[in-house]
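The block underneath contains the structure these notes are about, expressed in structure tokens.
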Amino acid sequence: MRCVVPHNVRVPILTDPLAAAHDVATLRDAVVAWFEDAARDLPWRRPDRTAWGVLVSEVMLQQTPVVRVEPVWRAWMLRWPTPADLAAASTADVLRAWDRLGYPRRALRLQECARAVVARHGGAVPDDEDALLALPGVGEYTAAAVRAFAFGRRSVVVDTNVRRVLARTLTGTALPEPSYTAAERALAQAVAPADDDASARWAAASMELGALVCTARAPRCASCPVRSSCAWRAAGHPPDELAHRRRGQAWHGTDRQVRGRVMALLREASDPVDRERLLLVTDDRAQADRCLAGLVEDGLVEPSETDPDLFALPA
DNA sequence: AATTCGGGGTA
DNA sequence: TACCCAGAATT
Numbered sequence: 005m006r007c008v009v010p011h012n013v014r015v016p017i018l019t020d021p022l023a024a025a026h027d028v029a030t031l032r033d034a035v036v037a038w039f040e041d042a043a044r045d046l047p048w049r050r051p052d053r054t055a056w057g058v059l060v061s062e063v064m065l066q067q068t069p070v071v072r073v074e075p076v077w078r079a080w081m082l083r084w085p086t087p088a089d090l091a092a093a094s095t096a097d098v099l100r101a102w103d104r105l106g107y108p109r110r111a112l113r114l115q116e117c118a119r120a121v122v123a124r125h126g127g128a129v130p131d132d133e134d135a136l137l138a139l140p141g142v143g144e145y146t147a148a149a150v151r152a153f154a155f156g157r158r159s160v161v162v163d164t165n166v167r168r169v170l171a172r173t174l175t176g177t178a179l180p181e182p183s184y185t186a187a188e189r190a191l192a193q194a195v196a197p198a199d200d201d202a203s204a205r206w207a208a209a210s211m212e213l214g215a216l217v218c219t220a221r222a223p224r225c226a227s228c229p230v231r232s233s234c235a236w237r238a239a240g241h242p243p244d245e246l247a248h249r250r251r252g253q254a255w256h257g258t259d260r261q262v263r264g265r266v267m268a269l270l271r272e273a274s275d276p277v278d279r280e281r282l283l284l285v286t287d288d289r290a291q292a293d294r295c296l297a298g299l300v301e302d303g304l305v306e307p308s309e310t311d312p313d314l315f316a317l318p319a
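In terms of the working numbering, the first sequence opens at residue 5 and continues consecutively.
Next up, the structure:
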């Protein structure tokens, strides 16, 4: 299948189609060559990894940094090596093993995903895009990542790192838009190699460049393999024009913080915990009630069958 | 398209 | 402090 940059995609540096193709190919080659040396030795990249291990890593890495995921992933895969193992586990054990990776609904979905893989695919992770997308907790990014990293198949992998790399090198802006636009998706589609193997390597390499060199905070442009062809650098590193519109995620006093405290309490408890003790996580009674109810609604917490004032992680 | 959903390391 | 991190699901 041929990939062409749609007419509605403005790519300043790519005015002439022939020059564009050349520039993009040069950029890709440089990034992939850099990756051969610079790639981190992560456990889910080892030859002995499994497709399921890759999927587990991708779900854990959704909004959680690599350094925090790695130890949890190692313990997790030793304990539940296959989808069937996780499918048969106690949900309380799963949530405790998830520890403080954050967004514990991901752990719930990962177990649902394991059960779906067993039920729908005989326990083997599918390599089909639609089958992957149909799995709980698997969205556009994760489906593409699993296809590329577990199966070496062609897919357009766009995470926050790739978005930033494309924004800088090709579009010439400090950062991409707050939301993932159709133009960005089209650009990523056009840049991704058509070949299976080349596509998979570009995906890993472009993500790694964003994670190690083309970072959000203090990019290491001096040691960047594509600094000579970077549109952002050529433009003189213009600052982010939307900086004032970007809203940092509030944390102190939020429901997310309160929910996190309730979950932490229940992870550490070996027995059901009384409602009154759970509500002590904040002074705001209404908020505490709301958060506890929300956790129950989400299936992260269950009231005891015998005493509705006692709560625990789901069996 | 906008919101919600954890948690911790770093500048 | 504020910002950022291999996003997904819901409204």
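Where a beta carbon is used, it is the ideal one built from N, C-alpha and C, also for glycine.
What did DSSP end up calling D278 once you bin it into helix, strand or coil?
strand
A118 and L139 - do their beta-carbons sit closer together than 7 Å?
no
By the DSSP assignment, the beta strand (DSSP E) with L314 in it spans what residues?
L314 to A316
Spatial neighbours of C7 in its chain, beta-carbon cut-off 8 Å, leaving aside the 5 residues before and after
Residue placement at C7 is flagged as unreliable, the pLDDT there being 38, under the threshold of 50; the coordinate-derived value follows with that caveat. Closer than 8 Å at the Cβ level, and outside the excluded window around C7, lie Q193, A194, A196 and A198.
Within 10 angstroms of its Cβ, does Q115 collect 16 or more other Cβ (buried), or is it exposed?
buried
Check whether the Cβ atoms of L191 and L213 sit closer than 7 Å, and answer yes or no.
no
For the putative contact between A178 and W236, defined by C-beta atoms under 8 Å, what is the C-beta separation to the nearest angstrom?
6 Å
With a Cβ-Cβ cutoff of 7 Å, do Y145 and D163 count as a contact?
yes
Within the chosen definition, does the region 148-163 reach the region 49-64 through at least 3 CB pairs nearer than 8 Å?
yes
By the DSSP assignment, the alpha helix (DSSP H) with V129 in it spans what residues?
Neither: V129 is in no alpha helix (DSSP H) and is coded neither H nor E.
Measuring straight from C-alpha to C-alpha, what distance separates G303 and M211?
33 Å
For the region 271-279 against the region 308-318, are there 3 or more C-beta pairs whose distance is under 8 Å?
yes
Taking all protein chains shown into account, do 16 or more other C-beta atoms lie within 10 angstroms of the C-beta of R14, making it buried, or fewer, making it exposed?
Its pLDDT being 40, under 50, R14 is placed unreliably in this model, and the coordinates cannot settle the point.
On the three-state DSSP scale, how would you describe P75?
helix
Three-state class that DSSP yields for P223 in the structure shown:
coil
I'd like to confirm the pairing. Which residues does DSSP put opposite E40 in its beta bridges?
E40 is not bridged to any residue.
Does the pairing of the region 100-114 with the region 58-72 give three or more beta-carbon distances under 8 Å?
yes
If you draw a straight line from the alpha carbon of R231 to that of P75, how long is it in whole angstroms?
34 Å
Below 8 Å on the Cβ atoms is my guess for P182 versus R250; work out the distance and round it to an integer in Å.
6 Å
Assuming the contact rule is C-beta atoms closer than 8 Å, A340 and W80 should be a hit. Round their C-beta distance to whole Å, please.
One cannot answer for residue 340 here, as it falls past the ends of the chain, which runs 5 to 319.
Length-filtered (4 minimum) alpha helix (DSSP H) runs lying within the region 284-313:
289-301
Below 7 Å between beta carbons: does that hold for P180 and R167?
yes
Between which residues of its own chain and V98 is the CB-CB distance below 6 Å, once the five residues before and five after are set aside?
A111 and Q115
Excluding five sequence neighbours on each side, which residues of the same chain lie with their C-beta closer than 6 Å to the C-beta of D20?
Its pLDDT being 45, under 50, D20 is placed unreliably by the model, and nothing is read from it.
Within the continuous alpha helix (DSSP H) that includes D259, where are the two ends?
D259 to E272
Please classify G141 as buried or exposed, where buried requires at least 16 neighbouring CB atoms within 10 angstroms.
buried
Nearest by alpha-carbon distance to R158: which of R205, R221, G252 and L296 is it?
R205
With the cut-off set at 7 Å, would you say L282 and L296 are in Cβ contact?
yes
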